[in-house]
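Report on one structure; see the data block that follows.
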Amino acid sequence: MLKNYVLTTLRSLRRDWGYALINIAGLGIGIACFMILALYLTSELTYDRQVPNHENIYRIAVELENERRQDHVANTSRFMAPLLAQDHAEILDYVRFFPASQDGRLILRSDDVSFFWPDAYLADPSIFAVFQHEVLHGDPETALEDPLSVAISETVAKRYFGDENPIGQKLTTDTAAYTVSLVFGDLPATTHLRYDVLLSYKRLDAFFNNVDIRQQLWGLSDYSYLVMRDGYDKVDFADISTSFSDKYLAERGAQLNASMRLYLEPLADLHLSSITQGDRPRGNMFYVYTFAAIALFVLAIACINYMNLATARSVGRSKEVAMRKILGASRRQLVVQFLGESLTFAVISVLLALLVVHIVLRYTAIDNLLGTTLDPNLMERPGLIIAAAALALVVGIVSGLYPAFYLAAIEPIVALRGSAQGRQTRGGNMRHALVFVQFAISIGVIACTLLMAAQMRYVQTKPLGFDKDNIVVISLIGGDLLERADFIKGELARDPRVISTTLTPNIPGEVVFTNLARIEADDGTDSSQTVRVMGGDVDYLDVMGLELVQGRRFDPATPNEELAYVNETLVKKMGWSQPLGKHIDNGNFRNRVVGVVRDFHFQSLHTPVEPLYIFFNWFDFEGSTPLQRAVAQSFLYIKIADEDIAGTLDFLEDAFTRLDPAHPFEYRFLDDILGRQYASERRQMQLIGIFAAVCILISSMGLFGLSAFTTAQRTKEIGVRKILGASTPRIIFILFKDVVGLILAALVVSSMVSYYVVSNWLAGFAYKEGIGPTAFLVAGAFCLGIAFFTVALQSYRTASASPALALRYEG
Amino acid sequence: MIRLENVQKLFRTDEVETTAVDDVSLAVAEGEFVSIMGPSGCGKSTLMNIMGLIDRPDAGHYFFNGENVTRNPQKSLTELRRRHIGFVFQNFNLIDELTVFENVELPMIYGGGLSAAERREKVERVLKKVDMGHRIRHFPRQLSGGQQQRVAVARAIVNQPQLILADEPTGNLDSEHGAEVMDMLDALQKEGTTIVMVTHSPESAARADRVVKMLDGRIQ
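Order-wise, the sequence lines are chains X and B. When you line the first sequence up against the numbering used here, it's residues 225 to 1035, in that order. When you line the second sequence up against the numbering used here, it's residues 125 to 344, in that order.
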């Protein structure tokens, strides 16, 4: 029996190769898209799950509360984890990570080779016990015990030492020479906290002798991870938090008028579920849901295609079905036969899809679009083959069930009679419903793409309140350089293409400080406020193009230390009648407000403008250790002219090679840095756009095939109409009319759903355009156009044929 | 062998009701060759479908081998059809995707209970009988009309049915091939098979033991 079914299917495929091609191509593309999205989603949902014992590893997060404001922060004090571990036996181990520089980048040199590495930390020696690494060289138990030891990734090792074993070799930073003690395999892409360079945390011991720990506990600088005992319930950590707070935080908290609650974030949840600030770049559950929905939509559309084409084809198969029934086939046997056909299609389509996925993973920039790295060797994993087989089974059954039962229900008597009744394509309503669903999905996805594109255009063109164009950003590292900042600025100013320069420790949207500051109110009392903090010198307002609405600028002729600007939002928040002269105490300095700047978007448009003060950026290394001096960092913003940018960059490179020979010349443009804030949304939008195109492609293929059957079925009708005088365009329109109503109905339904989805996405932006009708109308018109073109292409031949030929056709 | 009592069959649409078979009573004895004649639309094919358990009467009774099968469930009718009835159609109705061998084998596949070797032996035997043994691997589109009808006859008899229903078996054949098919039916009747044939052709009808005439759904 099985052989009979398989032979029938394969021979049928050969005979109706056009139908087979449309079906296999449609299913194949749909399955390929589904697989790629499934790989992406699997990647997103399995971050850090490759870490052994990840169920017992947690990051400590902090909830800061003051004056009814709550902030969740991913960072803790360096003292927190050791104190917790000392007091609580449930904590089996801990590891801390401290960023190696202000912006996380660290320069490493070996002989003449020097590079900046973006992911560098100081880490506890326990890191190799807590997080298992693939150790290529060295001893993980002792690797970071020496304060001047460094563990590096395979990529770093190859860059400096080729294929040699680098253990014992030296790598120098601005502050010291470190000995390579361990080489670890590059971390998998699905790692939340990524690093290539680990210096020993013990290097920091020198900084923190004789400090007030209770005060230091409010300085949030590290990522701290705890290993809890098996079976620990993180809910129980509330008790630990309470006792810790009472013992160590309460006193200082009272002074700051603030409280701190600790809680645990499971390691595997950090990528998608954390809500903390100061975290590493994260995924977004909204996108996970969106892409999961799109994956299912694309697959659904492909399956719907199959269903529609298979049932439309039933006209041509009714004779066969009738005979099989007359010859004794039961309905069950027929269902099995037709399910077998759909499974055959599904298997062939899955094989095609695997080929497509292999090509896409290996030869396209899909990783850039997805914002993650998919393993190009994925195809060799046995798990994938099993998953693909399961997918073929599911797709074959889901898409084949309806046609199977539809075909098996054909009455032999109706088919044998060969009457007009028998020839009518049954199930027209169902097919219309399926086309409706296909186009509803396609229109919805297109409308979402258009609306997201509009929002992206909005955020990219919305005035931010400061100048971001033609500003080159260069890191100045080390006290020697920073103390010569004025000289450096003077040297650069000699070139007329350099318009102005400023030195700041911050980058909008990337490096912005947060401070729990004591701020003077109108009545002279101080209150604790969480505020954003940036720094700038006398030229800051000019370079950034900020508008001073009240007060004066930092004056180069007079001392500016402990002076500050504030933004309008801070003035409003404090309810100041007169902001000038007010004081802001950050725990180290008591800054005096001399000016108010117009609000500007120093963070991404995801967040509203927050209260901000800009302190005067100055350097005093008296009393600093050599290490503190060596790691001090600020950013030089250089505003350059529009013309001859390449020439200006050459000039800057020459200047910095001379002025700062210790560091390789590296620069970034401020607008590029800012653009990265929306890189994730841009990628999502591009992806959704691509999948919208796929949806339309598959839907059109299905409509093409369906039109073929519909046209063939109505050939006699077309012939009669032509004899009665209908023109070819009129006939094409008659054939198209059926589809118009469906698409318009689909437009209405999908508009409502898209509106809801995009509204939720826009909720993540503090600044957004409204949702107008244009996107929906454009999406609907586009789909109508595509549908018309598809139907016209298919039916033109029949519509323009001689009516005599049409009437001769018996069907 | 089969007996119809006051059988009626109506076809209804929203607007029109047509009586295809009107109060027909007919008995066919075992081993008899009966021919049903009448103009187009007289109801003979409908009657044939009722006899073949493909369709149900709206009124009356149908006895097959003494059993009243009028209200039998579909599964039972399928089983009866599979075991006892063979069909030959005007349009041959071979399945295009299957070879001659596979077409003839099909009723045994649905019937089950035979091994592949047993099925092969039976197929080869009946194809030899209809002189189509040399075309066993051909597809229907590679055969002439006469050859296709011989294969259809082979398919109809492979399960050794008691009854063969032939609906215009020579309708699409020239006189020579039509005569060949009639010879085959004669031979089958001599072996004891009951045959009921619908035909327009008086020559073909004359080969039967009895001719039943129909007009407007009634037996004349």
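Yeah, the Cβ is synthetic: ideal placement off N, Cα and C, and Gly gets one too.
Quick one: what's got a C-beta closer than 8 angstroms to residue i's C-beta in the same chain, skipping five residues either side?
i: residue 369 of chain X; result: 349, 424, 426
i: residue 383 of chain X; result: 337, 339
i: residue 1041 of chain X; result: Residue 1041 of chain X lies beyond the range of chain X shown here (225 to 1035); nothing can be said about it.
i: residue 428 of chain X; result: 302, 322, 346
Which class does residue i belong to by DSSP, given the choice of helix, strand or coil?
i: residue 167 of chain B; result: coil
i: residue 324 of chain B; result: coil
i: residue 648 of chain X; result: Confidence is the limiting factor: at residue 648 of chain X the pLDDT is only 45, short of 50, which leaves the residue's position unreliable and the question unanswerable from this model.
i: residue 191 of chain B; result: strand
i: residue 327 of chain X; result: coil
i: residue 815 of chain X; result: strand
i: residue 846 of chain X; result: coil
i: residue 739 of chain X; result: strand
i: residue 362 of chain X; result: strand
i: residue 662 of chain X; result: helix
i: residue 465 of chain X; result: helix
i: residue 170 of chain X; result: A query on residue 170 of chain X cannot be resolved here, the shown segment of chain X reaching from 225 to 1035 and no further.
i: residue 372 of chain X; result: coil
i: residue 643 of chain X; result: Confidence is the limiting factor: at residue 643 of chain X the pLDDT is only 45, short of 50, which leaves the residue's position unreliable and the question unanswerable from this model.
i: residue 296 of chain X; result: strand
i: residue 566 of chain X; result: helix
To the nearest whole angstrom, what separates the beta carbons of residue i and residue j, a pair I think is in contact under 8 angstroms?
i: residue 395 of chain X; j: residue 378 of chain X; result: Not confirmed; about 15 angstroms, so no contact.
i: residue 193 of chain X; j: residue 563 of chain X; result: This structure cannot settle anything about residue 193 of chain X, because the visible part of chain X is limited to 225 through 1035.
i: residue 506 of chain X; j: residue 702 of chain X; result: With 8 angstroms as the limit, residue 506 of chain X and residue 702 of chain X do not qualify as a contact, their Cβ atoms being about 32 angstroms apart.
i: residue 149 of chain B; j: residue 129 of chain B; result: 5 angstroms
i: residue 449 of chain X; j: residue 465 of chain X; result: In fact, because the Cβ distance is near 16 angstroms, the residues do not count as touching under 8 angstroms.
i: residue 836 of chain X; j: residue 758 of chain X; result: 7 angstroms
Suppose you measure from the CA of residue i to the CA of residue j; what does that come to, to the nearest Å?
i: residue 698 of chain X; j: residue 863 of chain X; result: 11 angstroms
i: residue 561 of chain X; j: residue 518 of chain X; result: 31 angstroms
i: residue 295 of chain X; j: residue 690 of chain X; result: 27 angstroms
i: residue 404 of chain X; j: residue 335 of chain X; result: 14 angstroms
i: residue 662 of chain X; j: residue 248 of chain B; result: 50 angstroms
i: residue 172 of chain B; j: residue 568 of chain X; result: 37 angstroms
i: residue 986 of chain X; j: residue 510 of chain X; result: 11 angstroms
i: residue 820 of chain X; j: residue 793 of chain X; result: 10 angstroms
i: residue 717 of chain X; j: residue 869 of chain X; result: 15 angstroms
i: residue 181 of chain B; j: residue 194 of chain B; result: 7 angstroms
i: residue 857 of chain X; j: residue 328 of chain X; result: 11 angstroms
i: residue 648 of chain X; j: residue 656 of chain X; result: Confidence in residue 648 of chain X is poor, its pLDDT being 45 and thus under 50, which makes the residue's placement too unreliable to answer from.
i: residue 738 of chain X; j: residue 755 of chain X; result: 6 angstroms
i: residue 437 of chain X; j: residue 876 of chain X; result: 44 angstroms
i: residue 731 of chain X; j: residue 829 of chain X; result: 15 angstroms
i: residue 531 of chain X; j: residue 154 of chain B; result: 47 angstroms
i: residue 915 of chain X; j: residue 966 of chain X; result: 22 angstroms
i: residue 955 of chain X; j: residue 314 of chain B; result: 58 angstroms
i: residue 227 of chain X; j: residue 342 of chain B; result: 46 angstroms
i: residue 445 of chain X; j: residue 528 of chain X; result: 54 angstroms
Enumerate in chain order the residues of its own chain whose CB-to-CB distance from residue i is below 6 angstroms, with the five nearest sequence positions on each side excluded.
i: residue 308 of chain B; result: 277
i: residue 523 of chain X; result: 254, 258
i: residue 225 of chain B; result: 247, 260
i: residue 498 of chain X; result: 489
Starting from the C-beta of residue i, find all residues in its chain whose C-beta is less than 7 angstroms away, skip the five residues before and the five after it, and write them out in chain order.
i: residue 306 of chain B; result: 294, 328, 331
i: residue 975 of chain X; result: 671, 1000
i: residue 211 of chain B; result: 176, 280, 289
i: residue 574 of chain X; result: 255, 612, 615, 616
i: residue 235 of chain X; result: none
Using a Cβ distance threshold of 8 angstroms, determine whether the segment 143-154 of chain B contacts the segment 206-216 of chain B, with at least three qualifying pairs required. Under the three-pair Cβ rule at 8 angstroms, the segment 143-154 of chain B does not count as touching the segment 206-216 of chain B.
Would you call the segment 409-424 of chain X and the segment 245-258 of chain X in contact, with 3 or more CB pairs under 8 angstroms? No, the segment 409-424 of chain X does not touch the segment 245-258 of chain X.
So, do the segment 738-757 of chain X and the segment 806-819 of chain X have three or more beta carbon pairs nearer to each other than 8 angstroms? Segments in contact, yes.
For the segment 603-619 of chain X against the segment 546-557 of chain X, do three or more pairs of beta-carbon atoms, one drawn from each stretch, fall closer than 8 angstroms, so that the two count as touching? The segment 603-619 of chain X, when compared against the segment 546-557 of chain X, does not touch it at the 8 angstroms Cβ threshold.
Any 3 or more C-beta pairs closer than 8 angstroms across the segment 717-729 of chain X and the segment 782-801 of chain X: Remark: fewer than three beta-carbon pairs, one from each stretch, lie closer than 8 angstroms, so the segment 717-729 of chain X and the segment 782-801 of chain X are not flagged as touching.
Using 8 angstroms as the cut-off, can you tell me whether the segment 961-981 of chain X makes contact with the segment 664-680 of chain X, which would need three or more C-beta pairs spanning the two stretches below that distance? Contact between the segment 961-981 of chain X and the segment 664-680 of chain X is present, with at least three C-beta pairs closer than 8 angstroms.
Can we say the segment 1010-1024 of chain X touches the segment 705-715 of chain X, given the rule of at least three CB pairs closer than 8 angstroms? At 8 angstroms Cβ cutoff, the stretches do not touch.
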